[in-house]
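Trainee:
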Amino acid sequence: MTNDPDVTLEGGYLPVNAELIESRLNDIWRDAAADPTERRLVKLCLANMLVVADASSRTEAEQLAQQLAIRHPSRVLLIVVDETLAIYGAFVRTACEFNPEMDAHLCWEIVEVVSDLVHAEQIAGAVRSLLIDSVPVVTIDFRKYQNTPGFDADLHGLSDYYFVQADVVPASARFRGLVPLSWYRTLPIRELMGDMFAGAVCAGQSARVIAITIFHTYSRERLDPLLAGWLLNRMADDKVFASDGAAVRFKHRTHPIRLSWQKTTADDDRIMEFTYDSGGPLVATAVVDKAGQFESCEAGCGPMKMTRNAREIDLVTYVLAAIGDDAEFREYAEVQRISVQLPIP
Amino acid sequence: MTRRAQVADNPLASRFMHGRQAGPFSLVIFGASGDLTKRKLVPALFNLYKDGFLSAPSSIIGFARREKSDDAFRAEMAGAVRTYSRRQPDSDDQLARFTANLSYVQGEFENEGGYRQLKDKLKHAAVARQTGTNCLYYLATPPDAFVPIIRNLNTTHLVTPITDGDDWSRVIIEKPFGRDTASAWQLNGVLHGVFTEPQVFRIDHYLGKETVQNILVFRLGNSIFEPLWNRRYVDHVQISVAESVGIESRAGYFDSAGTIRDMVQSHIMQVFTLIAMEPPASFESSAIRDEKAKVLRSLRAFDPKELSSRVVRAQYIKGSVGGELVSGYLNEEGVPRGSTTETYVALKCLIDNWRWSGVPFYIRAGKRLPKRVTEVSIVFKAPPLALFHQAEGNGRSPNILRLRIQPAEGISLSLGAKVPGQQSRITPVRMDFMYSSAFGVTSPEAYERLILDAITGDSTLFAREDEVELSWQHIDRITQQWQALPLNTYEAGEWGPKSADDLMAADNRTWMRL
Numbered sequence: 008m009t010n011d012p013d014v015t016l017e018g019g020y021l022p023v024n025a026e027l028i029e030s031r032l033n034d035i036w037r038d039a040a041a042d043p044t045e046r047r048l049v050k051l052c053l054a055n056m057l058v059v060a061d062a063s064s065r066t067e068a069e070q071l072a073q074q075l076a077i078r079h080p081s082r083v084l085l086i087v088v089d090e091t092l093a094i095y096g097a098f099v100r101t102a103c104e105f106n107p108e109m110d111a112h113l114c115w116e117i118v119e120v121v122s123d124l125v126h127a128e129q130i131a132g133a134v135r136s137l138l139i140d141s142v143p144v145v146t147i148d149f150r151k152y153q154n155t156p157g158f159d160a161d162l163h164g165l166s167d168y169y170f171v172q173a174d175v176v177p178a179s180a181r182f183r184g185l186v187p188l189s190w191y192r193t194l195p196i197r198e199l200m201g202d203m204f205a206g207a208v209c210a211g212q213s214a215r216v217i218a219i220t221i222f223h224t225y226s227r228e229r230l231d232p233l234l235a236g237w238l239l240n241r242m243a244d245d246k247v248f249a250s251d252g253a254a255v256r257f258k259h260r261t262h263p264i265r266l267s268w269q270k271t272t273a274d275d276d277r278i279m280e281f282t283y284d285s286g287g288p289l290v291a292t293a294v295v296d297k298a299g300q301f302e303s304c305e306a307g308c309g310p311m312k313m314t315r316n317a318r319e320i321d322l323v324t325y326v327l328a329a330i331g332d333d334a335e336f337r338e339y340a341e342v343q344r345i346s347v348q349l350p351i352p
Numbered sequence: 191m192t193r194r195a196q197v198a199d200n201p202l203a204s205r206f207m208h209g210r211q212a213g214p215f216s217l218v219i220f221g222a223s224g225d226l227t228k229r230k231l232v233p234a235l236f237n238l239y240k241d242g243f244l245s246a247p248s249s250i251i252g253f254a255r256r257e258k259s260d261d262a263f264r265a266e267m268a269g270a271v272r273t274y275s276r277r278q279p280d281s282d283d284q285l286a287r288f289t290a291n292l293s294y295v296q297g298e299f300e301n302e303g304g305y306r307q308l309k310d311k312l313k314h315a316a317v318a319r320q321t322g323t324n325c326l327y328y329l330a331t332p333p334d335a336f337v338p339i340i341r342n343l344n345t346t347h348l349v350t351p352i353t354d355g356d357d358w359s360r361v362i363i364e365k366p367f368g369r370d371t372a373s374a375w376q377l378n379g380v381l382h383g384v385f386t387e388p389q390v391f392r393i394d395h396y397l398g399k400e401t402v403q404n405i406l407v408f409r410l411g412n413s414i415f416e417p418l419w420n421r422r423y424v425d426h427v428q429i430s431v432a433e434s435v436g437i438e439s440r441a442g443y444f445d446s447a448g449t450i451r452d453m454v455q456s457h458i459m460q461v462f463t464l465i466a467m468e469p470p471a472s473f474e475s476s477a478i479r480d481e482k483a484k485v486l487r488s489l490r491a492f493d494p495k496e497l498s499s500r501v502v503r504a505q506y507i508k509g510s511v512g513g514e515l516v517s518g519y520l521n522e523e524g525v526p527r528g529s530t531t532e533t534y535v536a537l538k539c540l541i542d543n544w545r546w547s548g549v550p551f552y553i554r555a556g557k558r559l560p561k562r563v564t565e566v567s568i569v570f571k572a573p574p575l576a577l578f579h580q581a582e583g584n585g586r587s588p589n590i591l592r593l594r595i596q597p598a599e600g601i602s603l604s605l606g607a608k609v610p611g612q613q614s615r616i617t618p619v620r621m622d623f624m625y626s627s628a629f630g631v632t633s634p635e636a637y638e639r640l641i642l643d644a645i646t647g648d649s650t651l652f653a654r655e656d657e658v659e660l661s662w663q664h665i666d667r668i669t670q671q672w673q674a675l676p677l678n679t680y681e682a683g684e685w686g687p688k689s690a691d692d693l694m695a696a697d698n699r700t701w702m703r704l
């Protein structure tokens, strides 16, 4: 292994060598602690945060890594697998924020590993050596395609909580919590529909839902399996439902409801619609950006509407809330179990 | 009156400064050209000197095959101190005063000639340096040199019988102490033809580490832990010794030993017995070693029928350690083609005694793992009732006591605590104690403690004859069945083979993350 502390690669990168990286971090902390002008430093590590990106998601991942470190002081490992580069190197940096209550700087550290495809299989070895024991490993994987099989399998094995962009995650992987980022993206719709439904503002307290329609178009990200699974998980009595091949029937508080799908066009921004036996309907719509992600969501009936800017529900808040309370993971697991049984066109 | 007796009679001797000090002595290091001497022994002696533990006259004589003058040896060892000592000399003068105690004898281990020169040198030191006739022989050589050295010490009359008043001769022997029960018996036989058991110090540097010594202090010096230290409260124990390095330049030795002989029989069995032993009647050496031997007698034998469910062995293949590609074991320089030597071993040990009945001790040791870590984890049973079951998963996390032996020696205890807020969420939190931050000083190197113990005649931290033989008997039962066990593989940089995880999963447990 390379242990020369002075060695740096082109572009200021360190060689990817866990001992060297730890040594650099120790030097930084020791120098900072020795500075008599500095206030007390408190180095915190509440988790190992693993942020994984490819070339197209690198900027987003870097921003998230920074925000995560500030909000939840951790050892953040930012892994960039960039097929456009020919590099295998690491950066280390530390940062602090003053906490007046503690009269101290709360500090954290970020290790960035950038790798081309050739070296991708070596990354997991570095990550394993750099993980802090006794605290969970939380992975946020922004890559749309997992095209490094060895590394991907290792990543699944290392992670306790796994937030993943890609649709396909090996069934063999075992996590304490797994959610795809598409489940996170349904959050504004889930929250809005929950608010509107709870108040029965569209049809009065005695109105009953008799049908639900979910609209889908292939031009935007397919969220309808997740939303349908979510509705059934929350509404179906005893989670019992039946499919006739085109629709799903279930009972909600003993009253029958028919859930069906309707294909629509790209310019139709409807997501789902609740039909009541009186009043309504309750319609949820969404403005979607070019990447197929919600910019804003709206739910309401007639002039009564509630709007949610989807960007307000930031990923850092979501991740930190989810790992603090396993309910989100449990619900997703149940939704996934239900979704695969649905006759979605 | 001997000088030692003079010191003992002096009521003003400054024992209160250091607790104990070495009297006059000579130390002969066999294998003085080796890495161990340069990297560990001489730097340890320098630190003892620097701390004032070696203030009485002393002479340190290197003995090796290579031709070398006293001055060349001193210069070489001064360089070793500068390079490898945990602390640098306060001045050049201090280092010069230390190395003035060093001298060198060139000789073959097998031939008497060198020993006669050694005898002359010792006689000279006894008079000129007033070191007296006390002599400690340190066998820092490959094991095949042990027997010729011991025999030649005897034939050249370099060993003082234990009955000769205050004067003493002692011998420190590095591991491996044999490669099985038969060879350990044989070596003990040769030793006892020359030395009595109290003169023999079988060194295992793990026992010199602060955290290992602290195991007993922690258990028996605090009233809150010992009542919990039994089958009623402990679910299981894990002992992990992970190394990130491969076999380095030791292919010849390692390939004939494997991890089970190199690590388990020695270091791990010593730590295991300290964790599992009964409280001794006193803190005397013999009382502690009696209890350690009892644990080994209670260790359930590895029956051939259940070997596959209690033992995993594996060898590393190429992979990435710390981010760098490394080759597999079979491609290491000096490893025979097709070698089936294990570089990883995992064991499930059971102790059939009143305290530990039904409590498994899981042991794993391996090379080319992600980190260099040695740790003991005492995993306590989960609370009997899930009062906080709404806090899914974490609500019943067990308390875990982790004794970190290296690096960053320390102890941590994980507890469940309520997360601040309106909900009853529980999360594990840790109470940490680290030697370096708690005491503000770096721990002495293990060799410092052990060498001083040997000079002062305290054998508590050395393995006794019966301990060594008992542990070999258990290891033999495993290695005699080696061929019946599959040799698994694991990628370098992984935490061992999948079968090791399966060994734990069969008991609904997992290895601790290190």
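As you go down the protein sequences, you meet chains R and U in turn. Residue 352, in this note's numbering, is where the first sequence stops; the numbers in between run on with no holes. Residue 704, in this note's numbering, is where the second sequence stops; the numbers in between run on with no holes. Where is the CB? At the ideal position from N, CA and C, for every residue including glycine.
Taking only beta-carbon atoms, is residue 140(R) less than 8 angstroms away from chain U?
Mentor: Chain U, which has a Cβ nearer than 8 angstroms to the Cβ of residue 140(R), makes this yes.
Trainee: Residues of chain B with CB closer than 8 angstroms to the CB of residue 129(R), please, in chain order.
Mentor: The chain labelled as chain B is not found among the protein chains of the depicted structure, namely R and U.
Trainee: Under the DSSP definition of a beta bridge, which residues are partnered with residue 218(R)?
Mentor: The partner list for residue 218(R) (beta bridge, DSSP) reads 265(R), 282(R).
Trainee: With burial defined as no fewer than 16 other Cβ atoms inside 10 Å of the residue's Cβ, what is the status of residue 222(U): buried or exposed?
Mentor: Label assigned to residue 222(U): buried.
Trainee: Below 8 angstroms, can you find three or more Cβ-Cβ pairs linking the stretch 189-205 of chain R to the stretch 245-261 of chain R?
Mentor: Contact fails: fewer than three Cβ-Cβ distances are below 8 angstroms.
Trainee: Sorry if obvious, but does the Cβ on residue 326(U) come closer than 7 angstroms to a heavy atom of the ligand FAD?
Mentor: Of ligands this structure carries none, so the ligand FAD is not represented either.
Trainee: Count the other CB atoms within 10 Å of the CB of residue 641(U); is the residue buried (16 or more) or exposed (fewer)?
Mentor: Result: buried.
Trainee: Between the alpha carbons of residue 493(U) and residue 532(U), how many angstroms are there, rounded?
Mentor: The straight-line gap from Cα to Cα measures roughly 20 angstroms.
Trainee: Along the chain, where does the beta strand (DSSP E) containing residue 312(R) start, and where does it finish?
Mentor: Unbroken beta strand (DSSP E) run through residue 312(R): 311-316.
Trainee: Give a yes or no on whether the minimum CB-CB distance between residue 106(R) and chain U is below 8 angstroms.
Mentor: It does not; no Cβ of chain U falls within 8 angstroms.
Trainee: Taking DSSP as the reference, what is the three-state secondary structure of residue 583(U)?
Mentor: Low local confidence applies: a pLDDT of 47 at residue 583(U) is under 50, so the model's placement there is unreliable, and no value is given.
Trainee: Should the stretch 437-448 of chain U be called in touch with the stretch 527-543 of chain U, which here means at least 3 C-beta pairs below 8 angstroms?
Mentor: Flag = yes, the stretch 437-448 of chain U and the stretch 527-543 of chain U touch.
Trainee: Given 8 angstroms as the limit, is there contact between the stretch 422-440 of chain U and the stretch 556-566 of chain U, that is, 3 or more CB pairs closer than that?
Mentor: Yes, the stretch 422-440 of chain U touches the stretch 556-566 of chain U.
Trainee: If you draw a straight line from the alpha carbon of residue 244(U) to that of residue 658(U), how long is it in whole angstroms?
Mentor: In a straight line, the C-alpha of residue 244(U) is about 30 angstroms away from that of residue 658(U).
Trainee: To which residues of the same chain is residue 242(R) closer than 6 angstroms at the C-beta, ignoring the five residues directly before and after it?
Mentor: Closer than 6 angstroms at Cβ, skipping near neighbours: 259.
Trainee: According to a CB-to-CB cut-off of less than 9 angstroms, which residues of the stretch 310-333 of chain R neighbour chain U?
Mentor: Under the 9 angstroms Cβ criterion, the stretch 310-333 of chain R contributes 331, 332, 333.
Trainee: Opposite residue 448(U) in the DSSP bridges: which residues?
Mentor: The partner list for residue 448(U) (beta bridge, DSSP) is empty, contrary to what the question assumes.
Trainee: Can you tell me where the beta strand (DSSP E) with residue 254(R) in it begins and where it stops?
Mentor: Run containing residue 254(R): 254-259, per the beta strand (DSSP E) assignment.
Trainee: Under a three-way DSSP split, which group does residue 253(U) fall into?
Mentor: Residue 253(U): strand per DSSP, three-state reduction.
Trainee: Could you give the first and the last residue of the continuous beta strand (DSSP E) run that contains residue 595(U)?
Mentor: Element bounds for residue 595(U): 590-596.
Trainee: When you compare only the Cα positions, how much space is there between residue 283(U) and residue 226(U)?
Mentor: Taking the straight line joining both Cα atoms gives about 25 angstroms.
Trainee: What's the C-alpha gap between residue 699(U) and residue 590(U)?
Mentor: Their backbone Cα atoms lie some 13 angstroms apart in a straight line.
Trainee: Kindly identify the DSSP beta-bridge partner or partners of residue 56(R).
Mentor: BP columns for residue 56(R) point to 83(R), 145(R).
Trainee: Could you tell me the distance, in whole angstroms, from the CA atom of residue 299(U) to the CA atom of residue 136(R)?
Mentor: Approximately 42 angstroms, taken between the alpha carbons.
Trainee: For the beta strand (DSSP E) containing residue 467(U), list its first residue and its last residue.
Mentor: It is not in any beta strand (DSSP E) - residue 467(U) carries neither H nor E in the DSSP assignment.
Trainee: Can you list, in chain order, the residues of its chain with a C-beta nearer than 8 angstroms to that of residue 277(R)? Leave out the 5 residues immediately preceding and following it.
Mentor: Closer than 8 angstroms at Cβ, skipping near neighbours: 222, 271, 290, 291, 292.
Trainee: Excluding sequence positions up to five away, which residues of its chain have a Cβ less than 6 angstroms from the Cβ of residue 356(R)?
Mentor: Residue 356(R) lies beyond the stretch modelled for chain R, which goes from 8 to 352, so this question has no answer here.
Trainee: Give the interface partners of residue 561(U) over in chain R, defined as CB-CB distance under 7 angstroms, in chain order.
Mentor: Correct list: 136.
Trainee: Tell me the DSSP bridge mates of residue 426(U)?
Mentor: In the DSSP output, where bridge partners are listed per residue, residue 426(U) has 569(U).
Trainee: Taking residue 326(R) as part of the alpha helix (DSSP H), name the residues at either end of that continuous run.
Mentor: That run of the alpha helix (DSSP H) goes 322-331.
Trainee: Quick one: grab the DSSP three-state call for residue 242(R).
Mentor: Helix at residue 242(R).
Trainee: Where does residue 419(U) land, buried or exposed, given buried means 16+ other C-beta within 10 angstroms?
Mentor: Buried, by the Cβ-count rule.
Trainee: For the beta strand (DSSP E) that residue 353(R) lies in, which residues bound it at each end?
Mentor: The requested residue 353(R) is not part of the displayed model; chain R covers only 8 to 352.
Trainee: Could you check whether the Cβ of residue 19(R) sits closer than 8 angstroms to any Cβ belonging to chain U?
Mentor: Answer no: the Cβ-Cβ gap between residue 19(R) and chain U never drops below 8 angstroms.
Trainee: For residue 25(R), count neighbouring C-beta atoms within 10 Å of its own C-beta (all shown protein chains included) and say buried if the count is 16 or more, exposed if not.
Mentor: So residue 25(R) counts as buried.
Trainee: Would residue 604(U) pass as an interface residue toward chain R - the criterion being a Cβ-Cβ separation below 8 angstroms?
Mentor: Yes, its Cβ sits closer than 8 angstroms to a Cβ of chain R.
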